[in-house]
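Numbering-wise (this note's numbering), the sequence shown opens with residue 301 and increments by one.
Here a beta-carbon is modelled for each residue, glycine too, at the ideal position from N, C-alpha and C.
Just so we're clear, the structure is a prediction, and the values are computed from it rather than from any experiment.
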Amino acid sequence: MLAWKHIQKYVLAYGMFALLVGALLFQAFESRHHDQVEAESRLVKITFQSVLKGFENNAELFYLNVIDRPENTRLMKAVYQASESQRAELRQKLYANLIDNYRSMGDFKIKQLHFHLKNNDSFLRFHRPEKYDDNLTEVRPTVAYVNQKQQTISGFEEGRIFNGYRFVFPLFDGDEHVGSVETSVSMQVLIDQMQAELGEQAGFMIQSALVKQKVFSSEASNYRPTSFSSNFLYESSITPHDGDSLPDRLIQTLTLSKPIESFLPVERERTYEVHDRGADYFLTFVPIKNAVSKQTVAYLMFAKENFKHQQLLMQFLISLLAILVLGALIFWLFYQIKMNEKRLRQLQRETEHKNTLLSKAQEVAKLGYWNLDLKSNQLYWSDEVYRIFGLQAQEFDATYEAFLEYVYPEDKERLIQAYADSLENKKQYRITHRIIRQNGELGYVQEECRHELDEHGEIVRSIGTVLDISEQVHHEQRLQSLKEQYQSLVQSVPEIVFRCELDEDWTMLFVNDSIEKITGYPASDFIGNRVRGFASIIHPEDLERVMASEDDQYELEYRLLHRSGEIVYVKEHGQTVILEEGHEVLEGIIADVTSEKQALQRLQRFIDTQSQIVIVRKGRELVYANKSLFKFLGYVDLSDFNRHHQCMCEFFLPQEEFFHVEPTDDRDWVEVLLALPGSKRNVLMQDHAGKRHVFSVSVNAFDETSTIITFNDISDTMREHIDWKYRASHDPLTGCLNRHFLEKNYQELVSEMTRSGKSAGLILFDVDFFKNINDTYGHNRGDQVLKALAKLVQSHVRDSDRLIRWGGEEFLLLFPVDSLEGVEAFASHLRVRIEDNPMADLALTCSFGGTLIEGSEKLKKSISRADEALYYVKENGRNGVRVQ
């Protein structure tokens, strides 16, 4: 039977060997198979990179030798100063310059010659010359990148008509950037070149969302759906019909169990082996990334048959069979040898094992034993007894006298007496005593002893055990110490610390002595309701609310009845606790807050007499507000206010001149306010009737955690200030800004207008023959004309423009503009509007002089240039425009 079990063991070992060998051979097979797949991926990758590099070199040669010539770049430069008709002529000239070269681009295997302006507008498509002026910023990031960075870029991108690998170059006339130009290679040409290099069948698919976003609707027929995913489209010219190409057929097989998206790589090419129609094939996906975003937007697929897979599989099976046969012979011989050795070692192991188990058991239990032969007076200690006393096992021959040397002096007499009594009474004993170990450390042991008697009833042997209980004793001592420290701490805190039953009396299981200081009753009165229950001293008006609290953790404020009859205000923090036996009790701390409550009541009575709005905050919490706040906002009391709002700052209206906080700003508004100068601590609020008021805010500390905030109504003073400020900067007759305002704020206004990349334009204009109006109709009529003129011009300017009455009948207009031509166009528009609109029942005209403010030049210089232009118009018939 034993032999049969060993045979089973070796059969099992052989089986494991066979599995291991099979696994190793299969791993080798898989490794070689993986190498084949990786080799195919590398081949496709290297070929793809080489082909792309060739096309990129061709595009660069075409750009350097054909496009980047002065006769072409000068035409592009002239576009920016040309009218629409002139642009058409320039486009035709550029087309004529390059049409022959465009037709020969096929020699370079590139196509699509496309010029763009600096703002990314299409200027000339040689493949669609009738389509131009559409802005490509959103649909052609490569064009936007080159015009912004003025650097060459190449890579895949879907266009309005074609997709392909784009080669986009910046154009310069001298050092001036004048636009960009692109060429490309179609995916069909790229695939044809790859198929020629690899000898494999190829396909191409692109994300359908990208096509929908980018391609002209008239060109959408260039694509058709794939049979395996709505997220991708085939280009019709590359894959004309479903299932006609090997890549398409293999993808359909690959996606029978999973969607195509789970197989597509993101960063690098990936090759799969696909079994289809009894043959094995390689199918490689090459991710095509957008040139700018670097996001994968399309894929090239390459497919070819793998002829080596079956050969590799046959080699694996033959090698496995040969090794298994040889291994079987070796295992049989090894089994015969080992069986003989096993029989010799078995008895020795069984003996050693029993001894080891006994020793380990003693060590784990820290339990040693001893044996005293009373006839020979020979004492034996087990190894664990030596270890308990801090000695090496069997360090010396054990004696009763040596044992007593390690017993704590004060315990020796008690131990000797216990052993003597047991000998006399012939009974076993148990005793706990202290020992001093070899290193001087104090320990605790528990000893037990029983005796063996001979046939005459006399004791011949004492057998005992020594159990080390030092850790248990030390743990109990630590627990007792912690208990004493906790009780001392609880009794020393000024708050009431308690544990009570969850009953209607709040029967106290424990309460510290602080309860007597707060209520006048000793703690012993409440333990077990010996004299009274705690619920009996809760104010009757608060009792129902306190008893109704059912939260596991809670915070309450209520009143207690002091023994003297006075009312004590308290704040309680408590929680329900489940004890080890499953009993649920209540534990908590009760603090005396009477002085705090009384101080707050005095403060409330005082601030309720104030006409200003006054609030009290504790931390960020609004704890009190006077009646003026509720009257102003239309709330009944603080509870009514808190139901609708969390912060006073919610009422601060967001106007530039007044302090306010953004909704997303989580800082404390008081801390932000205090960081401002006193003159800036003003807020704008609206009362319940919709009237706006300005308040000056002051903040003062009440105690360590509370602040008093006062809002003083300064609305009348602020209205006078705003009115004065308006009069200082505006013309009283027309309401326009005045000359003083412009001279004071000129540099700041120019900087603001030029910050977005624009220039600042200046127009100076006045009323023609205004003196005749005053002389003929009187000055009142003249004033009416000036007010009507200002109103008309204001209706035709933007918020960013500034209209200034410069003096008499002369006005000045400061505004952001793109060019000097823009200044002229704006002035001409205003001249026509004035001429077409009689004012004060009088027809009148104006003369205009304009200029561009150059850099940081002084106002006087800009005015001088505009005034010269205005003077020229005056001298040449009036009612005209001149810029310079």
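First and last residue of the uninterrupted alpha helix (DSSP H) at residue i
i        : result
Trp-969  : 969-974
Asn-671  : Premise fails: Asn-671 lies in the beta strand (DSSP E), 667-673, not in any alpha helix (DSSP H).
Pro-370  : 370-378
Ile-1073 : 1070-1077
Val-1067 : From DSSP, Val-1067 is part of no alpha helix (DSSP H) but of the beta strand (DSSP E) over 1059-1067.
Ser-722  : 709-725
Asp-433  : Counting along the chain, Asp-433 falls outside any alpha helix (DSSP H), and DSSP gives it neither H nor E.
His-944  : 938-944
Tyr-402  : 384-403
Ser-1051 : 1039-1054
CB contact below 8 Å: residue i versus chain B
i       : result
Lys-309 : Looking for chain B here will not work: only one protein chain is present.
Beta-carbon proximity check, residue i vs residue j, cutoff 8 Å
i        : j        : result
Phe-467  : Thr-373  : no
Val-766  : Val-877  : no
Phe-326  : Phe-616  : yes
Leu-1114 : Leu-1064 : no
Asp-1083 : Leu-1033 : yes
Ile-735  : Phe-689  : yes
Thr-1007 : Val-999  : yes
Val-885  : Arg-832  : no
Ile-890  : Glu-795  : yes
Cys-1036 : Arg-1133 : no
Met-505  : Thr-483  : no
Val-1085 : Ala-1127 : no
Phe-959  : Val-983  : yes
Leu-1062 : Gly-1122 : no
Chain-order list of residues whose beta-carbon lies under 8 Å from that of residue i (same chain, five-residue window excluded)
i       : result
Lys-712 : Leu-704
Tyr-402 : Leu-413 and Phe-426
His-477 : Lys-418, Asn-447, Gln-450, Pro-470 and Leu-471
Tyr-314 : Gly-627, Ala-628 and Phe-631
Tyr-363 : Phe-467, Phe-469, Val-481 and Thr-483
Glu-276 : Missing from the structure shown is residue 276; the chain here goes from 301 to 1184 and no further.
Ser-911 : Ser-928
N- and C-terminal bounds of the beta strand (DSSP E) containing residue i
i        : result
Pro-587  : 579-589
Glu-1185 : Examination of residue 1185 is not possible in this model, given that the chain is present from 301 through 1184 alone.
Lys-871  : 867-878
Gln-507  : 501-507
Val-994  : 992-1001
Ala-891  : 884-892
Lys-931  : Unbroken run through Lys-931 is the alpha helix (DSSP H), 927-933; no beta strand (DSSP E).
Ile-453  : 453-458
Residue i classed as buried or exposed, judged by whether at least 16 other C-beta atoms fall within 10 angstroms
i        : result
Pro-470  : buried
Ile-1187 : Limits of the chain in this structure are 301 at one end and 1184 at the other, which puts residue 1187 out of reach.
Gln-694  : exposed
Arg-549  : buried
Gly-479  : buried
Pro-709  : exposed
Lys-377  : buried
Leu-1244 : Since the first and last residues shown for the chain are 301 and 1184, residue 1244 lies out of range.
Gly-865  : exposed
Val-311  : exposed
Ser-422  : buried
Cβ-based neighbour list, residue i, same chain, cut-off 6 Å, excluding 5 preceding and 5 following
i        : result
Leu-1120 : Leu-1152 and Val-1183
Thr-769  : Note that residue 769 is Ile in the sequence shown here, rather than Thr. Result list for Ile-769: Tyr-744 and Gln-746, in chain order.
Ala-698  : Leu-679 and Trp-681
Lys-1087 : Thr-1034
Contacting residues, own chain, Cβ-Cβ under 7 Å from residue i (five flanking each side not counted)
i        : result
Arg-750  : Gln-728 and Ile-763
Pro-429  : Tyr-395
Gly-934  : His-988
Ser-1015 : His-993 and Val-994
Leu-809  : Arg-799, Cys-800, Glu-801 and Val-885
Integer-rounded CB distance, given that residue j should sit under 8 Å from residue i
i        : j        : result
Val-1097 : Leu-1089 : 13 Å between Cβ atoms; not a contact.
Val-337  : Thr-539  : No, Val-337 and Thr-539 are not in contact; Cβ-Cβ is about 24 Å, not under 8 Å.
Phe-585  : Pro-565  : 6 Å
Gly-276  : Arg-863  : The chain is shown only over 301 to 1184; residue 276 falls outside these bounds and no answer can be derived.
Ile-588  : Ala-603  : 17 Å between Cβ atoms; not a contact.
Asn-671  : Arg-761  : 7 Å
Ala-444  : Thr-437  : 5 Å
Cβ-heavy atom distance, residue i to the ligand PLP, below 7 Å
i       : result
Val-983 : Questions concerning the ligand PLP fall outside what the structure shown contains, since it holds no ligand whatsoever.
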